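Chemist: Here it is, the structure in full.
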Amino acid sequence: MASSIFRSLQVHPFMLYPTTFLRRRNGVFHLTTKATQSQTDTQQRQPQTKVSSSNSTQSKKLDKIPKDYEAIIGIETHVQLSTLTKAFCGCPYSYGSSPNSSICPICMGLPGALPVLNSKIIDFAVKLGLALNCNLAFKSKFDRKQYFYPDLPKGYQISQFDVPIATAGFLDVDIPVEFGGGHKRFGITRVHMEEDAGKLLHAENGNYSQVDLNRAGVPLLEIVSEPDMRNGIEAAEYAAELQRLVRYLGVSNGNMQEGSLRCDVNVSIRPIGQSKFGTKVEIKNLNSFSSVSRAIDFEISRQVQLHSHGQEDQIVQETRLWEEGSQRTITMRKKEGLADYRYFPEPDLPAVILSQEYVDGIKNSLPELPEIKRRRYEQMGLSMQDVLFLANDKNIAEFFDATLAKGADSKLVANWIMSDIAAFMKNEKLTINEIKLTPEELSELIASIKGGTISGKIGKEILFELLAKGGTVKELIQKKDLVQIADPVEIEKMVDKVIVENPKQVEQYRGGKTKLQGFFAGQVMKLSKGKANPGLLNKILLEKLNSKS
1 MASSIFRSLQ VHPFMLYPTT FLRRRNGVFH LTTKATQSQT DTQQRQPQTK VSSSNSTQSK
61 KLDKIPKDYE AIIGIETHVQ LSTLTKAFCG CPYSYGSSPN SSICPICMGL PGALPVLNSK
121 IIDFAVKLGL ALNCNLAFKS KFDRKQYFYP DLPKGYQISQ FDVPIATAGF LDVDIPVEFG
181 GGHKRFGITR VHMEEDAGKL LHAENGNYSQ VDLNRAGVPL LEIVSEPDMR NGIEAAEYAA
241 ELQRLVRYLG VSNGNMQEGS LRCDVNVSIR PIGQSKFGTK VEIKNLNSFS SVSRAIDFEI
301 SRQVQLHSHG QEDQIVQETR LWEEGSQRTI TMRKKEGLAD YRYFPEPDLP AVILSQEYVD
361 GIKNSLPELP EIKRRRYEQM GLSMQDVLFL ANDKNIAEFF DATLAKGADS KLVANWIMSD
421 IAAFMKNEKL TINEIKLTPE ELSELIASIK GGTISGKIGK EILFELLAKG GTVKELIQKK
481 DLVQIADPVE IEKMVDKVIV ENPKQVEQYR GGKTKLQGFF AGQVMKLSKG KANPGLLNKI
541 LLEKLNSKS
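Sequential numbering of the sequence shown, starting at 1, is according to full-length UniProt numbering.
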């Protein structure tokens, strides 16, 4: 009986207010909302009017922020945790699975179904709290956050209110060189545990929506930042560093396109020197870090434009959506004031009590975090560009470190990874874990070039075979007879042959066209099948070309 109660929710045109009734359809849970024709027409007309008005007063390229205003930006980030089951039941969650295929009475909110906390959530929350330099609450609790929405079957969300598990932390971020560089520290207000809601699937014609409850009850950590950011770049880099951090910790895959990391941005502006915050506007529907940056910069410019025209009263507390196509924010819903969620302690869950031994155990198990890794790479003498690239991906950083452990030079390893290896991965759409090259063989390849066994050109040929097919450097060198020719007598014979076969070019070179040296060097390399030692080749070649005989 429990699995057949919720079927369909429908709003009838003859009713003044939405009313629900239950219906079974195809053995699958569907929640359908339907508006009257007049309501639908009105709702469809209203946004069009706003968009048209907005287009007439704003362009996609708004003026930059005047120096007499500053922006105040904070971000609320929801991170979906990589647990095997949901927060309070044994249902698994798999992104992209068919609607309502992973639900039970607990995540459906059926009467009498009691939640049981997944202890892995606490592990992940403590991990992230420590990594964000927060103060942990050794005794915290869960609360019920009351609100009503079609994708929230219980009519409340299990969250944390006044005693979150972590507070008062910070996140250090390195701004990329192309955006001005520098080091920023952004405050973290709180980290708390909660469950996700379901998902509405809207019909193309806009007349109804269906509810997929697969996501209901999936565990989340919400990270609330201090309002420390001042532009879109800083906000996007903060969000990117947070993604990097949760991936390093292994608490989430952080994929924005799957909704595993979702950012809601709060933006306000105020005149320089004013301590009071301006009216806050929330922006949603941000599906990439670049959209975070662009949405914020647009919203700042929009608010500044209203201020500069004496229309600051038109900046109201509201939620706005970012439209990727038109590159602007539009009104989603107004906020009359602070929502009254009527929080009260969750009666069906016990308090969360941490011991010092438990916290110390997790602290000692933390991996080297991105910020610490970047500082270590900097001490190796690597440029900030190299540092940011290598530390951005945990797997690339591990590959880099493993290659260094074999004795390779840090700068040479960084160059190979960032150029030829990165290009190969991009072209073949592979990750560093999917290529055939091992850190041991990259170290051997670098040593073979540095020691003069093979040339750099031959090294690149070997590299691409190692990337695609695997094997060892020594095997390939022997198999293909790629050992560099370093015998001066043998190279001199090849130089003499090229000079004899190209008398016209020799005459031109000796007549002043010294750039032809590259032509001769290329011919010798071709003759040696790329195996001639470049330094020795150029030395002998110059001696021969500059001699009068």
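Cβ coordinates follow ideal geometry from the N, Cα and C atoms, glycine included. From a predicted model like this one, the values you see are computed outputs, not experimental measurements.
In chain order, what residues of the same chain have a beta carbon less than 7 Å from the beta carbon of Pro534, not counting five sequence neighbours either side?
Modeler: The answer, listed in chain order, is Ser455.
Chemist: Which residues bound the alpha helix (DSSP H) around Leu321?
Modeler: Run containing Leu321: none in the alpha helix (DSSP H); it sits in the beta strand (DSSP E), 318 to 323.
Chemist: With burial defined as no fewer than 16 other Cβ atoms inside 10 Å of the residue's Cβ, what is the status of Gln274: buried or exposed?
Modeler: Classification for Gln274: exposed.
Chemist: Using 8 Å as the threshold, is the C-beta distance between Val79 and Ile223 below it?
Modeler: In contact: Val79 and Ile223 (Cβ atoms closer than 8 Å).
Chemist: Going by DSSP in three states, Gln274 sits in which element: helix, strand or coil?
Modeler: Gln274: coil per DSSP, three-state reduction.
Chemist: Use the C-beta contact count for Lys127: other C-beta atoms within 10 angstroms, 16 or more gives buried, fewer gives exposed.
Modeler: Lys127 comes out buried.
Chemist: Whose C-beta lies closer than 6 Å to the C-beta of Pro227 among residues of the same chain, with five residues either side of it excluded?
Modeler: So the qualifying residues of the chain are Ile72, Gly74.
Chemist: Grab me the residues of Lys457's own chain with a C-beta within less than 6 Å of its C-beta, minus the 5 sequence neighbours each way, in chain order.
Modeler: Once the five neighbours on either side are set aside, the close Cβ partners of Lys457 are Gly530.
Chemist: Excluding sequence positions up to five away, which residues of its chain have a Cβ less than 7 Å from the Cβ of Ile485?
Modeler: Here the set comprises Ile491, Ser528, Lys531, Ala532, Asn533.
Chemist: By Cβ distance, which residues of its chain are closer than 6 Å to Arg262, with the 5 residues on each side in sequence left out?
Modeler: Result list for Arg262: His78, in chain order.
Chemist: Can you tell me the Cα-Cα spacing of His183 and Asp172, whole angstroms?
Modeler: Rounded to the nearest angstrom, the two C-alpha atoms are 7 Å apart.
Chemist: Whole angstroms is fine: what's the gap from Met193's alpha carbon to Leu220's?
Modeler: Spanning the two alpha carbons is a distance of roughly 6 Å.
Chemist: Following the continuous beta strand (DSSP E) through Glu195, name the residue where it begins and the one where it ends.
Modeler: Its beta strand (DSSP E) spans residues 183 to 195.
Chemist: What residues are listed by DSSP as bridge partners for Arg333?
Modeler: DSSP lists Thr319 as partners of Arg333.
Chemist: Based on Cα-Cα distance, which residue from Leu84, Ser101, Arg376 lies nearest to Val211?
Modeler: The candidate whose alpha carbon is nearest that of Val211 is Ser101.
Chemist: Verify whether the separation of the beta carbon atoms of Val498 and Val524 is less than 8 Å.
Modeler: Yes, the Cβ-Cβ distance between Val498 and Val524 is below 8 Å.
Chemist: Count the other C-beta atoms from every protein chain shown that fall within 10 angstroms of the C-beta of Gln303, then say buried if there are 16 or more, exposed otherwise.
Modeler: Gln303 is buried by the Cβ-count criterion.
Chemist: Can you give the Cα-Cα distance for Ser38 and Asn205, rounded to whole angstroms?
Modeler: The pLDDT assigned to Ser38 is 36, lower than 50, so where the model puts this residue is not dependable; a value taken from the coordinates is nonetheless given after this. Cα to Cα, the separation comes out at about 15 Å.
Chemist: Taking only three categories from DSSP, how would you classify Val352?
Modeler: In the structure shown, Val352 sits in a strand (DSSP, three-state: E or B).
Chemist: What span of residues does the beta strand (DSSP E) with Arg144 cover, start to end?
Modeler: That run of the beta strand (DSSP E) goes 143 to 146.
Chemist: Quick check: what's the CA-CA separation for Tyr95 versus Ala87?
Modeler: The alpha-carbon atoms of Tyr95 and Ala87 are separated by roughly 16 Å.
Chemist: Inspect the CB distances between the region 373 to 382 and the region 136 to 145 and report whether three or more fall short of 8 Å.
Modeler: The region 373 to 382 vs the region 136 to 145: no contact.
Chemist: Considering only their Cβ atoms, is the gap separating Phe161 from Tyr343 smaller than 8 Å?
Modeler: Their beta carbons are under 8 Å apart, which means Tyr343 touches Phe161 by this criterion.
Chemist: With 16 as the cutoff for other CB atoms within 10 Å, does Asp41 come out buried or exposed?
Modeler: Below a pLDDT of 50, predicted positions are generally treated as unreliable, and Asp41, at 40, falls in that range; the measurement from the model is reported next regardless. Asp41 is exposed by the Cβ-count criterion.
Chemist: So, at 6 Å on beta carbons, what are the nonlocal neighbours of Gly169 in its own chain, with the 5 sequence-adjacent residues on each side left out?
Modeler: Excluding sequence neighbours, Gly169 sits near Leu132, Asn133, Cys134, Ile188.
Chemist: Taking only runs of the alpha helix (DSSP H) that begin and end inside the region 424 to 464, which ones reach a length of at least 4 residues, in chain order?
Modeler: Segments of the alpha helix (DSSP H) lying fully in the region 424 to 464: 439 to 450.
Chemist: Between Arg215, Gly181, Ala203, Ser119, which lies nearest to Gln157 when the distance is taken from Cα to Cα?
Modeler: Closest option to Gln157, Cα to Cα, is Arg215.
Chemist: Tyr358 by DSSP, collapsed to three states: which one?
Modeler: Tyr358 falls in the helix class under three-state DSSP.
Chemist: What does a CB cutoff of less than 6 Å around Ile315 pick up in its chain, not counting 5 residues either side in sequence?
Modeler: Thr279, Gln303, Leu306.
Chemist: What residues are listed by DSSP as bridge partners for Arg328?
Modeler: Arg328 pairs with Glu323.
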